[in-house]
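Taking my numbering, the leading residue of the sequence shown gets -12, the next gets one more, and so forth.
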Amino acid sequence: MKKLFTIIGILLVLTAGFVTYLFFTDQGVANEFRQIRQPRPNIFYTAIDVSATIDTATLFDLKFNLISRLKNFIGDEAVSYTVVSFGNPGCGMASVKTVVSTQAPKEEVAFKYEVEDPISEISVPKIEATSTVPLTTPLYAMMENVLPKRKGGRIIIFSDLLNEDSDCPLQYPFPEKAIREFGENKSGQIIFLYLKPHPSKVEKQEEFIERMKKLSGEGVVRAFFYPIPERIQEQGDFLEAQLQKAIPATNFDIVRERVSRMVDTIVTAVRG
């Protein structure tokens, strides 16, 4: 028994030493330790990709669980949130539609009409065969325009992480400047709940993730990536758990979220 306690003690010391090493060598890990005592987030921005590649069953699960989370703030006037859809007809910000932008309603009736009903109506747009308006996925345009205005906020992006605007007269590059501006306030987070794209697009998705993780590891921005399970049966529980962390409403939610983010950041740092 004494030997067991000795081994456990050595492991704890080694773990503490390794975490301390990461704190001084990885800015992403250091940022998470510095944010342990940050106040509860009260400003949320959720962007939902409605491009043609998004599965309708997955979109339904996301909407259901997002509504369930936001219901927790009924009567809490300190909380405000915005929900937008992107991937609608049009180029750039013309493809981004504001669905909800409000302070948390005071009562359930107002919540149903102002929040629940509009979110429930989000869908993948249908385009007439004769339409000349391009269908795009302006991920970069949305990030470039939204991030600098939301410093310190909580950004949740549901998407396959593919920027598709080749049919537009103006194509947006990877929005590094906007990401850096957003990252100036380390209370802010960008949380990506992402779907696996068509096999031909996987490399493009991975390039985006790697660029974001590099900036995160350098301490430029706090960004987290969570792949949505491919099995439809697993998606509801996954989205419920991730949105509970992304949109914490109770003290337990907040503690669990901060521990989870710290663990995720350490694991990412170890993996390089």
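Built from N, CA and C at the ideal position, the CB exists for glycine as well. All values derive from a computational prediction rather than experimental measurement.
Other residues of its chain near residue i: CB distance less than 8 angstroms, five sequence neighbours each side excluded
i: residue 217; result: 183
i: residue 27; result: 235 and 241
i: residue 120; result: 76, 77 and 114
i: residue 134; result: 142, 162, 165, 166, 168, 169 and 177
i: residue 223; result: 48, 51 and 52
Reduced DSSP secondary structure (H/G/I, E/B, other) of residue i
i: residue 36; result: strand
i: residue 64; result: coil
i: residue 30; result: strand
i: residue 194; result: helix
i: residue 84; result: strand
Alpha helix (DSSP H) segment containing residue i, residue limits
i: residue 91; result: Here residue 91 belongs to no alpha helix (DSSP H), and DSSP marks it neither H nor E.
i: residue 126; result: 126 to 133
i: residue 230; result: 219 to 233
i: residue 113; result: Run containing residue 113: none; DSSP gives neither H nor E here.
Where the beta strand (DSSP E) through residue i begins and ends
i: residue 207; result: Element bounds for residue 207: n/a, residue is neither H nor E.
i: residue 55; result: Element bounds for residue 55: not the beta strand (DSSP E) but the alpha helix (DSSP H), 43 to 57.
i: residue 141; result: 141 to 146
i: residue 177; result: 176 to 181
Other residues of its chain near residue i: CB distance less than 7 angstroms, five sequence neighbours each side excluded
i: residue 95; result: 61
i: residue 243; result: 232
i: residue 225; result: 215 and 216
i: residue 263; result: The shown model of the chain, from -12 to 259, leaves out residue 263, and the question about it has no answer.
Supposed contact pair residue j and residue i - C-beta distance, whole angstroms, cut 8 angstroms
i: residue 239; j: residue 212; result: The Cβ separation is near 24 angstroms, so there is no contact.
i: residue 124; j: residue 38; result: 4 angstroms
i: residue 83; j: residue 73; result: 4 angstroms
i: residue 79; j: residue 128; result: 4 angstroms
Residues near residue i by beta carbon distance below 6 angstroms, same chain, minus five either side
i: residue 105; result: 86 and 87
- Query: Are there three or more Cβ pairs, one per stretch, closer than 8 angstroms when the segment 163 to 177 is compared with the segment 137 to 151?
  - Reply: yes
- Query: If we count Cβ pairs, one from each stretch, closer than 8 angstroms, do we get three or more for the segment 143 to 150 versus the segment 100 to 117?
  - Reply: no
- Query: Within the chosen definition, does the segment 49 to 59 reach the segment 152 to 168 through at least 3 CB pairs nearer than 8 angstroms?
  - Reply: no
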